[in-house]
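*Asks:*
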DNA sequence: TGGGCTTACGAGCATCGTAAAAATC
DNA sequence: GATTTTTACGATGCTCGTAAGCCCA
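Chains as they are written, first to last, in my numbering: chain A, 9 to 302; chain B, 9 to 302.
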């Protein structure tokens, strides 16, 4: 018994003749004839009476027809669901965003989903990289977007959609240091509160090499917070200077420090290696790339 | 997407490895591997994560598994119902019995069904041959057991299970004519009431040829009734003599008339030609043969 | 005689099993 | 090195389409 045979059975019962049904099924008459014969043999009983040039459902055929209909319908539904999940237009995706990506992506991502993929559930988790990776490994997340420089390389993780974003010291418009076209010596920054997320050793090393011991984050940073968005808000409403990627605060002013900072952060989408992706992740993936490179 | 593939999917998800599943499915490992691959391709998404030598259901796989289970289960059920109807162990059979067969078959048939096929509905209709054949053509009966000599041959009717049964004049035990081993001249019968169902022209002709004009049923038969069982009961409780098949009244005594009657009735099971039988009819068919030849 | 279903036969396609390769532990 | 999955390849089997046969109006 085959799903194809059941489809033939159904169409034949509806069209009332092998000739018509075979056309509807894009088959030749003999092929349909054999298909029905095979089904009848398999079920152990004739489904149709061949009365001269007319056919008619047998008692058994009538009883089995309704069941065959339901079966085929469910098969179609199963396949449709499979394809739907492939498109990622429905289902659930759980994405973790670390501080920087969170500030840039959270709002536009949720917005985009609400507008363009109403049937796709998106769960955004915020947290530091270590926490997110742990959740990813525990399969409580499907993906995480983090600074991959803060990520210890691991064989069970795959990084994709990597984007490098330039970082800088940022201040509010109208800040005392906001003098257009005028480079600012690093020392002048220290007159203001410096805000930053916890920085990796790599970044700390770069800072001290460039600006001296005073740039050691342990000393330099006065406002430390996991959440970049909060830091940006602080810089926006005060004279505090925030060290972060420029894209996180587009309404803030990047300061031209001397020597130039020339720092970047490298964001990437981390998933478990050798694991099939949740279908909806395809959309998230594209979105992340688009939003970060915009 | 194939039912076979879905079965493979289910077994694989339960066994947890291609190797085990392939053994359970009586397949080689590569065959199973390809089957799953084909299904995954068809559904548009991986169903299993291949993690080293271990496999694990993907999110999509988990969602589709339950549906696949239900689908396969219903397919099995459909097939089972088909086969069950084939065996005829359930369903409904409507059989018409004319006078003679009714007397012999009604009770034992209903009894047998009640005892051995409790899930098979049997409807027994009694009536004369003409009435039964009409009901058969109108598809209000699935079969009729009648004297086929009283049946006008017709292309749309099929006769099977033909059995010839000897008929005789029967009287009760202890009847004045019941003298063991002593043949009875036909004329002596006429001293008693003669009971019979309406007889066909063929039988009438035979009677007059053998015993003379006095044997013309129109004159000879004094008790005429459609129902053989009733006639037998009359003969059982009176001196009436009944002309019918011996099997209809096993407790009655067949009379050795001179010349010998040597009459038979030819019973057969009539169905519509070119029509698939109701499944349960197989059992009825066997039962009729068995009861009539016993 | 024509329309409709079935049987016969050769071709194409899918699935299978065996064997070899790749990958993991 | 052993076990498990995947890929390669030749063989079997199934289903299809064309053509011929059969049957009923």
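The beta carbon of each residue, even a glycine, is placed where N, CA and C say it ideally should be.
None of the values given here were measured: they were computed from a predicted structure.
1) Hey, is the segment 73 to 91 of chain B in contact with the segment 199 to 213 of chain B, meaning 3+ C-beta pairs nearer than 8 Å?
2) What residues are listed by DSSP as bridge partners for residue 44 (chain A)?
3) Quick check on the burial criterion: 16 or more other C-beta atoms within 10 angstroms. Buried or exposed for residue 122 (chain A)?
4) Write down the C-beta distance between residue 172 (chain B) and residue 258 (chain B) rounded to the nearest angstrom, noting that I regard them as a contact closer than 8 Å.
5) With 8 Å as the threshold, decide whether the Cβ of residue 117 (chain A) is near any Cβ in chain B.
6) Let me know the secondary structure DSSP gives residue 9 (chain A) once reduced to three states.
7) What did DSSP end up calling residue 242 (chain B) once you bin it into helix, strand or coil?
8) Find the nearest neighbour of residue 222 (chain A) within the set A:210, A:239, A:207 and A:198, judged by alpha-carbon distance.
9) Which of helix, strand or coil does DSSP assign to residue 247 (chain A)?
10) Using a C-beta cutoff of 8 Å, does residue 127 (chain B) count as contacting chain A?
11) What does the Cβ neighbour count give for residue 188 (chain B), buried or exposed, with the cut at 16 atoms within 10 Å?
12) Look at the alpha carbon of residue 245 (chain A) and the alpha carbon of residue 102 (chain A), and state the distance between them as a whole number of angstroms.
13) From which residue to which residue does the beta strand (DSSP E) around residue 227 (chain A) run?
14) Within 10 angstroms of the Cβ of residue 49 (chain A), are there 16 or more other Cβ atoms? Answer buried if so, exposed if not.
15) Check distances from the C-beta atoms of the segment 81 to 93 of chain B to those of chain A and list, in chain order, the residues that come in under 8 Å.
16) For residue 232 (chain A), which residues from the same chain have a beta carbon less than 8 Å from its beta carbon, with the 5 sequence-adjacent residues on both sides left out?
17) Which bits of chain B does residue 143 (chain A) rub up against, with CB to CB less than 8 Å?
18) Nearest by alpha-carbon distance to residue 146 (chain A): which of A:104, A:175 and A:156 is it?
19) How about residue 46 (chain B): is its C-beta nearer than 8 Å to some C-beta of chain A?
20) With a cut-off of 8 Å on the beta carbons, I'd call residue 99 (chain B) and residue 262 (chain B) a contact; round off their distance for me.
21) Report the rounded CA-to-CA distance for residue 216 (chain A) versus residue 142 (chain A), giving the unit in angstroms.
22) Output yes or no for whether 8 Å exceeds the beta carbon distance between residue 250 (chain A) and residue 266 (chain A).
23) Residues in its own chain within less than 6 Å of residue 112 (chain A) by CB, not counting five upstream and five downstream?
24) Just reading off the beta strand (DSSP E) that residue 336 (chain B) is part of, what are its end residues?
25) Please state the DSSP three-state secondary structure of residue 80 (chain A).
26) Hey, does residue 295 (chain A) have any beta-carbon neighbour from chain B nearer than 8 Å?
27) Tell me the DSSP bridge mates of residue 7 (chain A)?
28) The beta strand (DSSP E) spanning residue 180 (chain B) covers which residue range?
29) For chain B, find out if any of its Cβ atoms is closer than 8 Å to the Cβ of residue 19 (chain A); answer yes or no.
30) Run the CB neighbour count on residue 176 (chain A), radius 10 Å, all protein chains shown included, and call it buried at 16 or more, exposed below.
31) Give the residues of chain B in contact with residue 282 (chain A), contact being defined as C-beta atoms less than 9 Å apart.
32) Whose Cβ in chain A lies nearer than 8 Å to the Cβ of residue 54 (chain B)?
33) Exposed or buried, which one is residue 32 (chain A) when buried takes at least 16 other CB atoms within 10 Å?
34) With a threshold of 7 Å on Cβ separation, who are the neighbours of residue 169 (chain B) within its own chain once the five nearest residues in sequence on each side are excluded?
35) Is the beta carbon of residue 27 (chain B) sitting closer than 8 Å to the one on residue 37 (chain B)?
36) Name the chain A residues whose beta carbon is nearer than 7 Å to that of residue 76 (chain B)?
*Replies:* Working from what's here:
1) Counting C-beta pairs closer than 8 Å gives fewer than three between the segment 73 to 91 of chain B and the segment 199 to 213 of chain B, which falls short of the contact rule.
2) Secondary-structure assignment with DSSP links residue 44 (chain A) through no beta bridge to anything.
3) Around the beta-carbon of residue 122 (chain A), fewer than 16 other beta-carbon atoms lie within 10 Å, marking it exposed.
4) At roughly 17 Å, the Cβ-Cβ gap does not stay under 8 Å, so residue 172 (chain B) and residue 258 (chain B) are not in contact.
5) Chain B contact via Cβ: absent.
6) In the structure shown, the three-state DSSP call for residue 9 (chain A) is coil.
7) Collapsing the DSSP output to three states places residue 242 (chain B) in a helix.
8) Measuring from the Cα of residue 222 (chain A), the nearest candidate turns out to be A:198.
9) Looking at residue 247 (chain A) - three-state DSSP - the assignment turns out to be coil, as it is neither helix nor strand.
10) At a cut-off of 8 Å between C-beta atoms, residue 127 (chain B) does not count as an interface residue with respect to chain A.
11) In this structure residue 188 (chain B) is exposed. Its beta-carbon is surrounded by fewer than 16 other beta-carbon atoms within 10 angstroms.
12) Each residue's alpha carbon lies about 33 Å from the other.
13) Per DSSP, residue 227 (chain A) lies in no beta strand (DSSP E) segment; the continuous alpha helix (DSSP H) that holds it begins and ends at 225 to 228.
14) In this structure residue 49 (chain A) is exposed. Its beta-carbon is surrounded by fewer than 16 other beta-carbon atoms within 10 angstroms.
15) Along the segment 81 to 93 of chain B, going in chain order, the ones with a CB nearer than 8 Å to a CB of chain A are 82, 83, 85, 86, 87, 89, 90, 91 and 93.
16) Excluding its 5 nearest sequence neighbours in each direction, residue 232 (chain A) has C-beta neighbours in its own chain below 8 Å: 203, 204, 205 and 206, listed in chain order.
17) Contact of residue 143 (chain A) with chain B by beta-carbon distance below 8 Å is absent, the smallest such distance being about 16 Å.
18) When C-alpha distances from residue 146 (chain A) are compared across A:104, A:175 and A:156, the shortest belongs to A:104.
19) Residue 46 (chain B) does not count as touching chain A.
20) That belief does not hold up - the Cβ atoms of residue 99 (chain B) and residue 262 (chain B) are roughly 39 Å apart, past 8 Å.
21) In a straight line, the C-alpha of residue 216 (chain A) is about 31 Å away from that of residue 142 (chain A).
22) In this structure, residue 266 (chain A) does not lie closer than 8 Å to residue 250 (chain A) by Cβ.
23) Excluding positions up to five away in sequence, the list reads 255 and 256.
24) Since the first residue shown for chain B is 9 and the last is 302, residue 336 (chain B) is missing from the structure and cannot be characterised.
25) Shown here, residue 80 (chain A) sits in a helix according to DSSP, grouped into three states.
26) Residue 295 (chain A) is outside the set of residues whose beta carbon lies under 8 Å from a beta carbon in chain B.
27) Limits of chain A in this structure are 9 at one end and 302 at the other, which puts residue 7 (chain A) out of reach.
28) From DSSP, residue 180 (chain B) is part of no beta strand (DSSP E); its letter is neither H nor E.
29) No - not a single Cβ of chain B is within 8 Å of the one on residue 19 (chain A).
30) So residue 176 (chain A) ends up on the buried side.
31) For residue 282 (chain A), the C-beta contacts it makes with chain B under 9 Å involve 57, 58, 59 and 60, in order along the chain.
32) By Cβ distance, chain A contributes 284.
33) Residue 32 (chain A) is exposed by the Cβ-count criterion.
34) Answer for residue 169 (chain B): 276, 277, 293, 296 and 297, listed in chain order.
35) Yes; because the gap between Cβ atoms is below 8 Å, this pair is in contact.
36) Near residue 76 (chain B) (Cβ distances below 7 Å), the residues of chain A are 86.
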